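Novice: Before I ask anything, let me first share the structure, which is written out below as structure tokens.
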Amino acid sequence: MPAAAYRGTQQYALVKRAQVTLNELWAQRIPAAQTVFHAMHPGWSDTPGLKAALPRFRSVLGPLLRTPEQGADTIVWLACDLRPARTSGVFWLDRRPRSIHKLPSTRRSDTEQCRTSLWNWCVERSGADPDLAR
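Residue numbers (our numbering): 115 to 248.
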């Protein structure tokens, strides 16, 4: 892809969609007694990455943005608290489970065929066992 055609914000959104989907897929394949899987969203945090990628967004929403410490709260909580260890495949925001579908369009595009295609793509490129704990 030519550098001029690259759309970083769009690619970021696609990768985040893959992350939350793979989180659920791993949780379906690996017993929670063995390993638990969680994904989380830090909320909109005022980080150098946000400043570089979305400067206008940052300037408009500046007063509403979280500090990096506030953005890290849920991931630190997940690492330290025992309650999330009783679940697997959950998407978290502000220490609460959330839907991975904020918009109807993401729900419609999250089909079994797309999930299978994503899983197979990852297996092919990683060399993982394709029959992983189904």
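No residue lacks a Cβ here, since even glycine has one placed at the ideal position from N, Cα and C. Everything numeric in this text was worked out from a predicted model, so none of it was measured.
Grab the span of the alpha helix (DSSP H) containing Pro-169 for me, first residue to last.
Specialist: In the sequence shown, counting from the first residue as 1, residue 169 sits at position 55. From DSSP, the alpha helix (DSSP H) with Pro-169 extends over 169-175.
Novice: What does a CB cutoff of less than 8 Å around Gly-176 pick up in its chain, not counting 5 residues either side in sequence?
Specialist: If you number the sequence shown from 1, residue 176 lands on position 62. Only Asp-160 meet the Cβ criterion.
Novice: Measure the CB-CB distance between His-155 and Leu-207 and report whether it falls below 7 Å.
Specialist: Counted from its first residue, the sequence shown places residue 155 at position 41. Counted from its first residue, the sequence shown places residue 207 at position 93. Yes, the pair counts as a contact, with Cβ atoms nearer than the cut-off.
Novice: Compare the C-alpha of Asp-187 against each of Arg-210, Arg-170, Gly-203 and Ala-166 and name the closest.
Specialist: The sequence position of residue 187 within the sequence shown is 73, counting from 1. Comparing Cα-Cα distances from Asp-187 to each of Arg-210, Arg-170, Gly-203 and Ala-166, the minimum goes to Arg-210.
Novice: Per the DSSP calculation, Arg-197 is bridged to which residue(s)?
Specialist: As a working mapping, residue 197 is identified with position 83 in the sequence shown. In DSSP, Arg-197 forms no bridge with anything.
Novice: Measure the C-alpha to C-alpha separation of Gln-111 and Ala-132 and round it to an integer number of angstroms.
Specialist: Residue numbering for the chain in the displayed model covers 115 to 248; residue 111 lies beyond these limits and cannot be assessed.
Novice: Got a sec, what are the start and stop residues for the beta strand (DSSP E) Arg-210 sits in?
Specialist: Translated into the one-based positions of the sequence shown, residue 210 becomes position 96. Unbroken beta strand (DSSP E) run through Arg-210: 210-212.
Novice: If you check the beta carbons only, do Ala-167 and Gly-122 fall under 7 Å apart?
Specialist: Taking the first residue of the sequence shown as 1, we reach residue 167 at position 53. Taking the first residue of the sequence shown as 1, we reach residue 122 at position 8. One thing to note: Ala-167 has its Cβ within 7 Å of the Cβ of Gly-122.
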